[in-house]
Every structure is written in C-alpha cells, then in structure tokens.
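Enquirer:
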Amino acid sequence: MRWVTVLSTMVLLSSLAESQTHSTRVADALGHGYIGGNKIAGKHPKGYQQFLAMWVDEIGICRRDVPVNRRENFVPDGSGRISVCGRVVFKDWRYPHGDSDSDGKYRSYEFKEAYLIDLGEGPVRLAFNTRELDGVGYHFEGIYLEKGNVQPSEGSIHLEGEMSKFQRGRKVSQAKLRFSPYWIIE
14 MRWVTVLSTM
24 VLLSSLAESQ
34 THSTRVADAL
44 GHGYIGGNKI
54 AGKHPKGYQQ
64 FLAMWVDEIG
74 ICRRDVPVNR
84 RENFVPDGSG
94 RISVCGRVVF
104 KDWRYPHGDS
114 DSDGKYRSYE
124 FKEAYLIDLG
134 EGPVRLAFNT
144 RELDGVGYHF
154 EGIYLEKGNV
164 QPSEGSIHLE
174 GEMSKFQRGR
184 KVSQAKLRFS
194 PYWIIE
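Offset between the sequence shown (1-based) and my numbering: plus 13.
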C-alpha cells in the first residue's frame with residue numbers, strides 16, 4: 014500500500030514539474046527527493062548509533078483531513094513553509110534487531126510540527142520538532158543539497174543539518190548529520 018502511495022506521489026510530482034512556473038516553485042516537483050526516507054551517511058556520530066531512518070512524508074499521508082497528492086500540499090505558504098509529516102526511527106534496546114524495517118518494533122518519534130521551507134531561491138530547508146516519547150524529543154534544522162551542489166566525493170548525500178536531542182525539555186546532545194536517500198523495497 015505504501016509503495017502505491019509513493020508511486021502515485023511520484024506521478025503527481027512529475028506532472029507538477031511539467032506545469033511549474035519560475036514564480037511558483039513546488040518543492041519536490043523536480044524530483045529532488047524531499048519526500049521520502051533518509052539514512053545517516055557514513056559513520057553514525059555519538060548518540061546516534063541506534064539511528065535507523067528519518068521519514069519525511071507529504072502531509073496528506075498523515076492527516077485524514079488533508080487529501081493526498083494534491084498540488085496545494087506542495088506549494089509554499091506566504092512564509093515559504095510547506096507542511097510535512099514524518100518520524101525519526103531508532104532501534105530500541107528492547108528490539109535491537111527487529112523483524113523488518115516496518116515491523117513497529119522500533120522507537121519512532123513522530124513529527125509534531127514539520128516544514129519544508131522553500132523561499133524560491135536557495136536550497137529547500139527542513140525543520141521539525143518531534144513529539145516526546147518517554148520524555149525524549151528531537152529538533153532538526155537542515156538544508157537539502159541541490160544536485161549541482163553535491164560534490165562527487167560525497168556520493169549521494171542530499172541533506173545535512175543539526176539534530177538536537179532533548180530530555181524532559183533540556184538539550185542533552187547535538188550533532189551535525191548528513192543523510193543519503195533511503196528506500197524500502199517491498
């Protein structure tokens with residue numbers, strides 16, 4: 014089911030790219046991969062060794078009151094924000110291996126508030142705060158590297174930014190993270 018949704022989103026984004034004008038850039042309409050999975054590229058920094066993936070989804074995937082695959086879901090508001098949803102997923106000490114990437118045996122920190130920020134010029138940014146789970150939450154601010162700005166030595170890195178971990182409202186760690194795209198093949 015998720016694969017069908019991703020495929021239909023890709024078809025919609027492709028058609029949006031064809032009709033896009035320079036005055037209204039539609040984030041992800043050019044296939045830059047703002048919507049989808051992300052994994053840490055290279056060695057996981059201290060505090061993020063159990064990190065599995067970060068998912069950024071179109072807002073219609075997570076909210077029943079918002080239709081899926083609509084152009085308006087990808088057009089920035091007056092301040093350049095595009096609402097998205099998603100989650101940050103870690104291995105849990107109770108389930109160190111799990112059965113698959115989607116078996117629900119991991120710690121999933123759902124986005125409480127999340128936006129792609131597209132000001133029409135410069136890179137698209139991602140900012141989110143997660144809901145707390147057992148007093149722990151995360152904040153992230155980063156930028157998507159446009160295909161022309163990715164160095165060959167960086168491989169497929171397409172997103173980088175700072176992630177902070179909060180415990181009971183107090184920042185306990187912060188790390189600069191670099192991400193490459195991550196897909197689950199069903």
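Glycine residues also receive a C-beta, built at the ideal position from the N, C-alpha and C atoms. Since the structure is predicted, the reported quantities are computational estimates derived from the model, not experimental observations.
#1: Let me make sure I understand the geometry here. Which of Glu173, Asp78 and Tyr61 has the alpha-carbon closest to that of Arg138?
#2: Just to check my reading of the structure: Leu129 and Ile95 have Cβ atoms closer than 8 Å, yes? What is that Cβ distance to the nearest angstrom?
#3: Given this structure, state the Cα-to-Cα distance separating Tyr157 from Gly93, to the nearest angstrom.
#4: By the DSSP assignment, the beta strand (DSSP E) with Gly150 in it spans what residues?
#5: Name the DSSP beta bridge partners of Asp70, please?
#6: In angstroms, rounded to a whole number, what distance separates the CA positions of Ser121 and Glu159?
#7: What residue from Leu146, Gly148 and Asn142 has the CA that sits closest to Gly155's CA?
#8: Let's see if you can read the secondary structure: which residues bound the beta strand (DSSP E) around Tyr128?
#9: Using only the alpha-carbon positions, how far apart do Gly135 and Phe87 sit?
#10: For the beta strand (DSSP E) containing Ser169, name the first residue and the last one.
#11: What span of residues does the beta strand (DSSP E) with Phe192 cover, start to end?
#12: Below 7 Å between beta carbons: does that hold for Tyr151 and Met176?
#13: CA-CA distance, Arg144 and Met67?
Expert: According to the data block:
#1: Glu173
#2: 4 Å
#3: 15 Å
#4: Val149 to Tyr157
#5: Cys98
#6: 28 Å
#7: Asn142
#8: Arg120 to Ile130
#9: 17 Å
#10: It is not in any beta strand (DSSP E) - Ser169 carries neither H nor E in the DSSP assignment.
#11: Arg183 to Tyr195
#12: yes
#13: 14 Å
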